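Below: one structure, written as structure tokens.
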Amino acid sequence: MTTMSTTIQQEIEERLAQAEPDVEVLAADIVGGTTVRLFIDHPDGVTLDLCERVTHHLAHVRERYALEVSSPG
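If you count by the numbering used here, then the sequence shown holds residues 77 to 149, one letter each, in order.
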């Protein structure tokens, strides 16, 4: 993981810890310099609604990158 990816993952984890405390950030990688690929998990599973809420909470990331939010499965 690059330093940029580490930094973006920390930013995302801090934001989601307040907004969606049950969401676990499994990975946040910068792909091609333009996209953040975010993998999340939740004790009740990851739904489309949860992915949409997470995307909404990460508006500050979307100002700089395209954002993909999904589960690893």
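Heads up, the beta-carbon is just placed ideally off N, CA and C, and yes, glycines get one too. All values reported here derive from a predicted model rather than from experimental measurement.
Can you tell me the Cα-Cα spacing of residue i and residue j, whole angstroms?
i, j, result
"R140", "I106", "11 Å"
"E89", "T82", "10 Å"
"T131", "S147", "13 Å"
"E128", "I116", "12 Å"
"V137", "L143", "7 Å"
Here's the rule I'm using: 16 or more other beta-carbon atoms within 10 Å means buried, otherwise exposed. How should residue i be labelled?
i, result
"L124", "exposed"
"L102", "exposed"
If we require 3 or more residues per run, which beta strand (DSSP E) segments fall completely within the stretch 89 to 124? 100 to 107 and 111 to 117
Segments assigned beta strand (DSSP E), at least 3 residues, entirely inside the stretch 123 to 147: For the stretch 123 to 147, the continuous beta strand (DSSP E) assignments of 3+ residues that do not extend past its boundaries occur at 142 to 146, in sequence order.
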